[in-house]
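In our numbering, the protein residues as written are 298 to 595. Note sheet for the following structure.
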Amino acid sequence: RGEENKRQASTAMNERSSRAHTMVILRLRQRSPGSKAMVESTLFLVDLGGSERVSKSRANEGIKAPGAVKVGDQERERVSWQEYYSCRERITETNNINKGLLTLKRCIHSLIEQQRYLKEGRQPPRAPFFDSKLTMLLQPAFNGESRTSVVVCCSPDDEHADETVQSLRFGEMCSSVEHEHKDGSAGTSEAVTQALSQIDEEVKELEKAILQKERWEWRKTIRKDLIDEKDTGGTVVKKDEEMELGGKGAVEFVKDDGLSKKREVDHEVWGQVIVGAEAENERREGLLRQRRRLLGKD
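In structure tokens:
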């Protein structure tokens with residue numbers, strides 16, 4: 298079924314080229330007998346699309362610009378928007394594949410830099426996992442609680458030597474990423490699970506109270522604006538003067554001599570705001586911050 302759902306197409310390099318990355322994520326949740334702590338494990342199975350050079354894959358062949366070609370008064374050829382996007386399908390897929398792979402390479406490089414910065418006692422750089430959907434999904438596979446294996450596929454052909462070297466260098470980068478796995482005691486894990494459960498229960502009760510108490514209310518705010526009183530300029534209507542577009546009644550804008558006065562005016566602005574559950578919302582935000590800290594996300 299997974300093979301059937303893969304997007305494949307023919308290019309100059311491969312008759313059955315993968316046109317997207319393929320990912321299967323399996324999650325298993327289990328509880329030890331006599332324990333309330335839940336343990337969740339995740340297995341990522343990923344088939345990355347191969348990096349492509351457009352000059353070799355020729356994914357940009359047949360691209361047409363939208364519009365029409367006219368010779369004299371006769372229209373000889375027209376390319377609709379549907380045809381335009383259809384002919385760009387291969388190059389769009391190539392761009393998406395290469396973007397994900399480039400971001401993944403940057404993330405691996407950032408993880409290596411983080412190791413070096415931590416050894417030097419400096420603030421480590423941020424890994425750009427959220428710069429592409431691929432790396433965003435793969436982020437858990439590169440944290441300290443994971444074990445990751447990378448299989449690099451290369452071509453033995455001389456004509457693809459550049460791509461082979463780049464692939465091997467990427468594999469070498471991946472092998473340089475190290476994480477120190479710290480096992481927490483069962484008591485600590487169970488205590489955290491119990492604390493999270495208590496927080497979740499209180500958050501549910503607070504959300505029920507918020508739904509009951511919150512209401513919309515009209516509020517007035519005063520906005521101060523500085524206006525320019527152009528009392529030294531203005532307009533003059535000349536009833537007997539002919540206008541360019543026909544008819545009489547030309548309007549002349551008198552030049553401002555720069556002596557206008559500045560005046561501050563108050564504007565009343567009315568709007569609706571949600572009120573009635575301020576204390577509950579504040580307590581809820583505090584509990585959510587505490588929950589993030591327990592999970593190590595804050």
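Every residue gets a Cβ at the ideal spot worked out from N, C-alpha and C, and that includes glycine. Keep in mind it's a predicted model, so treat the numbers as computed, not measured.
| query | result |
| --- | --- |
| Measuring CA to CA, which of Asp522, Glu579, Thr532, Phe550 is closest to Arg560? | Asp522 |
| At which residues does the beta strand (DSSP E) containing Val292 begin and terminate? | The requested residue 292 does not occur in the structure, where the chain is confined to residues 298 to 595. |
| Pick out whichever of Met540, Asp525, Ala547 has its Cα sitting closest to the Cα of Val534. | Ala547 |
| Within this structure, are the beta carbons of Leu398 and Ser348 separated by less than 9 Å? | yes |
| By a C-beta neighbour count over all protein chains shown, 10 Å radius and 16 as the cutoff for buried, is His564 buried or exposed? | exposed |
| Say whether the region 435-449 touches the region 502-513, bearing in mind that this needs 3 or more beta-carbon pairs closer than 8 Å, one atom from each stretch. | no |
| With a CB to CB cut of under 6 Å and the five nearest residues on each side skipped, what residues in its chain are close to Arg326? | Met335, Glu337 |
| Quick check on the burial criterion: 16 or more other C-beta atoms within 10 angstroms. Buried or exposed for Ile287? | Coverage of the chain is limited to positions 298 through 595, which leaves residue 287 absent and any answer about it impossible. |
| According to DSSP, is Thr445 helix, strand or coil? | coil |
| Measure from the alpha carbon of Glu475 to the alpha carbon of each residue in Ser407, Ile496, Leu431, then state which is nearest. | Ser407 |
| How long is the line joining the alpha carbons of Ile405 and Val447, rounded to whole angstroms? | 12 Å |
| Is it the case that the Cβ atoms of His318 and Leu342 are separated by a distance below 9 Å? | no |
| If you draw a straight line from the C-alpha of Gly331 to the C-alpha of Val489, how long is it? | 16 Å |
| When the Cα atoms are used, what is the spatial distance from Arg324 to Leu340? | 6 Å |
| With a CB to CB cut of under 7 Å and the five nearest residues on each side skipped, what residues in its chain are close to Asp537? | Lys545 |
| Pull up the DSSP beta-bridge partners for Phe550, would you. | Thr532 |
| Return the chain-ordered list of same chain residues with a C-beta closer than 6 Å to the C-beta of Ile519, the five sequence neighbours on each side being excluded. | Asp563 |
| Excluding five sequence neighbours on each side, which residues of the same chain lie with their C-beta closer than 8 Å to the C-beta of Ser482? | Residue placement at Ser482 is poorly supported in this model, since its pLDDT is 48, which falls under 50; the coordinates still yield a value, given next. Here the set comprises nothing. |
| Could you tell me how far apart the beta carbons of Ser464 and Val449 are, in whole angstroms, since I believe they sit closer than 8 Å? | 5 Å |
| Rounded to the nearest angstrom, how far is the Cβ of Gly573 from that of Arg516, given a contact under 8 Å? | 13 Å between Cβ atoms; not a contact. |
| Do Thr400 and Ser429 have their CB atoms nearer than 9 Å? | yes |
| By DSSP, does Asp497 sit in helix, in strand, or in coil? | helix |
| From this set, Val566, Asp455, Phe550, Arg581, which residue's C-alpha is nearest Ile496's C-alpha? | Arg581 |
| Could you tell me how far apart the beta carbons of Gln569 and Glu514 are, in whole angstroms, since I believe they sit closer than 8 Å? | 7 Å |
| Beta-carbon separation of Pro422 and Glu410 under 9 Å? | yes |
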